[in-house]
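One structure is given here, and the rest of the page talks about it.
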Amino acid sequence: MAIATAFSLKLQILFIIFCCRSYFSTAFTSQDYADALEMSILFFEGQRSGKLPSNQRLTWRGDSGLSDGSAYHVNLVGGYYDAGDNVKFGLPMAFTTTLLAWSVIEFGSSMQNQITNAKAAIRWSTDYLLKAATATPDTLYVQVGDPNMDHRCWERPEDMDTPRNVYKVTIQNPGSDVAAETAAALAAASIVFKESDTSYSTELLHAAMKVFDFADRYRGSYSDSLNSAVCPFYCSYSGYQDELLWGASWLHKASLNGTYLAYIQSNGHTMGSEDDDYSFSWDDKRPGTKILLSKEFLEKTTEEFQLYKSHSDNYICSLIPGTPSFQAQYTPGGLFYKATESNLQYVTSTTFLLLTYAKYLGSNGGVAKCGGSTVTAESLIAQAKKQVDYILGDNPAKMSYMVGFGNKYPQHVHHRGSSVPSIHAHPNRISCNDGFQYLYSSSPNPNVLVGAIVGGPDNRDHFADDRNSYQQSEPATYINAPFVGALAFFSAKN
Ligand SMILES: *[C@@H]1O[C@H](CO)[C@@H](O)[C@H](O)[C@H]1NC(C)=O
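So the sequence shown is residues -27 to -1, 1 to 467, counted in mature numbering (1 follows the signal peptide of the UniProt record, and there is no 0).
Structural data, given as structure tokens:
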């Protein structure tokens, strides 16, 4: 009897261990997600241009670009370098800002002590975008730095001596794509600061309205106006219609001014509202716009927005294996796969949309309709979690693609500032050509760009930790921005 009881107790314990470990199996704890969240925001400090504040935490960086704009009699100090180089590209910077702000709008209540850092990361950009948008009437400054010259050097931002050319869009040389994205960023950020800094929020909203009006009134793509300064780097391949609708949608949300609702209603069909398109990135805003506007239908049953719900469903269904309209590609290890270059940007932006849509659906008991079947908010969250966990290290290579997170992460990040010794360790200038020894060196980067998510593995889950392979080893601000929201969401789950 005693033996039998002990035996069954043992069985029960074993059962509990096996059942519940596999059933509740999770590679990471909420504390892990909270740690990753902190790092994902810290990364933006490594991308800062301008005069660094005394509370700068990535201390291997120093001041840079302190005279940006001065040769053109405009103050364009500040903002972010987009990736591993030292150019300030306006289109990806604005998109990064919109997505950081959207992360805070949806998931800021789960950020706990990181909310202050998240707002500081947004403000670092909006301070710059405000200057770029308001310095000169009917002009938006959209870039500092000649990308071709910059890419010919491997220099720390603190040592930069390449031409800091300033590029702008104007009435004669319009750029509705970059201008409308800038409007989206300023409008989204105005929502973030609405309560904590009302006057800043109002300033952002007014600037957003003006720059949107400029984008809409003088139509054209900045790729045509600026050609080789922005192409092929951040060429607007999708044109500017998608940004006009995206910008109007953010202004509608931020201002509640009926002008933007009317604009969306009368222009949506010519600006992509009826296209099914499955790529959300710094270039193409269509899936994001649909998800954003679907909220109007889900929460307020605004009839005119029903089409945004059905096209959001089409987009979401395309990502979910087993549904009739499934058409995404996943690696054998389960990573969403879209492109050979900087694939993780699509993973993080898609993950963010899955979680945001799950939130909108969940608050209404709604489901995504995929042909004859339905997909619940819970399955969208499960799909998003797989992607987040993969990035953090639950993958065939057993490595994290976020620098500084976990035991194994990329050591040879394609990033000038991170790979060249810090100005504090090596104060003497390291010139344009002398820097290349650090690009080609097999040593790990001396400065850890904490929180950076790199381009990521190939379609067979293979990752070459090689500084020269920028397609896989380069970080970018727009890879991290939507991940901030996703990590906040999972950090608040038990
Ligand atoms: C609404 O937006 C339009 C267009 O920007 C502007 O002219 C108008 O003054 C705004 N109305 C209010 C009440 O802010």
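Heads up, the beta-carbon is just placed ideally off N, CA and C, and yes, glycines get one too.
Problem set entry | 6 Å Cβ shell around residue 325 - same chain, five flanking residues per side excluded | Sequence index remark: in the sequence shown, residue 325 carries index 352 (1-based). So the list reads 455, 458, 459, once near-sequence residues are dropped.
For this session: Go through the region 295 to 347 residue by residue and report every complete run of the alpha helix (DSSP H) that reaches 4 residues or more, in order.
Result: 317 to 335
Exercise. Given residue 254, which residues of its chain have a CB within under 7 Å of its CB, disregarding the five upstream and five downstream residues?
Worked result: In the sequence shown, the residue the question calls residue 254 occupies position 281. Only 318, 319, 322 meet the Cβ criterion.
Exercise. So does the region 169 to 181 actually touch the region 192 to 205, counting three or more Cβ pairs closer than 8 Å?
Worked result: no
Exercise. Mind listing, in chain order, the residues whose beta carbon lies closer than 5 Å to a non-hydrogen atom of ligand 1?
Worked result: 182, 230, 232
Problem set entry | Beta-ladder partner(s) of residue 51, from DSSP | The residue you call residue 51 lines up with position 78 of the sequence shown. DSSP lists no partner for residue 51.
Problem set entry | Enclosing beta strand (DSSP E) for residue 140 [first to last residue] | The count along the sequence shown starts at 1 and reaches residue 140 at position 167. Run containing residue 140: 139 to 143, per the beta strand (DSSP E) assignment.
Exercise. Skipping 5 residues on each side, what residues in its chain have a beta carbon closer than 7 Å to that of residue 312?
Worked result: By one-based count along the sequence shown, residue 312 stands at place 339. Within the same chain, residue 312 has close Cβ partners 319.
Exercise. Three-state secondary structure (DSSP) at residue 60?
Worked result: Mapped onto the sequence shown, residue 60 falls at position 87. Coil, per DSSP.
Exercise. Are residue 140 and residue 116 close, meaning C-beta to C-beta below 7 Å?
Worked result: Stepping through the sequence shown from its first residue, residue 140 is reached at position 167. Stepping through the sequence shown from its first residue, residue 116 is reached at position 143. Yes, the pair counts as a contact, with Cβ atoms nearer than the cut-off.
For this session: May I have the straight-line CA-CA distance separating residue 25 from residue 38, to the nearest angstrom?
Result: Within the sequence shown, the letter at position 52 stands for residue 25. Within the sequence shown, the letter at position 65 stands for residue 38. Distance between the alpha carbons of residue 25 and residue 38 is about 11 Å.
Exercise. Where does residue 132 land, buried or exposed, given buried means 16+ other C-beta within 10 angstroms?
Worked result: For the purposes of this step, residue 132 is taken as residue 159 along the sequence shown, with counting starting at 1. The residue is buried, with at least 16 neighbouring Cβ atoms inside 10 Å.
Exercise. Closest to residue 60 by CA distance: which of 88, 400, 136 is it?
Worked result: Numbered from 1 along the sequence shown, position 87 holds the residue referred to as residue 60. Nearest option by C-alpha distance: 136.
Exercise. Three-state secondary structure (DSSP) at residue 96?
Worked result: Here residue 96 is taken as the residue at index 123 of the sequence shown, counted from 1. Helix.
Exercise. From which residue to which residue does the alpha helix (DSSP H) around residue 10 run?
Worked result: Along the sequence shown, one-based indexing puts residue 10 at 37. Run containing residue 10: 3 to 19, per the alpha helix (DSSP H) assignment.
Exercise. Within the chosen definition, does the region 356 to 368 reach the region 385 to 401 through at least 3 CB pairs nearer than 8 Å?
Worked result: no
Problem set entry | Bounding residues of the alpha helix (DSSP H) (the contiguous stretch that carries residue 117) | As a working note, residue 117 is residue 144 in the sequence shown. Note, residue 117: premise wrong, no alpha helix (DSSP H); beta strand (DSSP E) at 112 to 117.
Problem set entry | Residues near residue 87 in its chain [Cβ-Cβ closer than 7 Å; skip 5 each side] | Start at 1 with the first residue of the sequence shown, and residue 87 comes out as number 114. Here the set comprises 10, 11, 14.
For this session: Report yes if the CB atom of residue 54 is closer than 7 Å to the CB atom of residue 22, and no otherwise.
Result: By one-based count along the sequence shown, residue 54 stands at place 81. By one-based count along the sequence shown, residue 22 stands at place 49. Yes. Within cutoff.
For this session: Return the chain-ordered list of same chain residues with a C-beta closer than 6 Å to the C-beta of residue 452, the five sequence neighbours on each side being excluded.
Result: Position 479 of the sequence shown, counting from 1, holds the residue named residue 452. Here the set comprises 317, 318, 321, 426.
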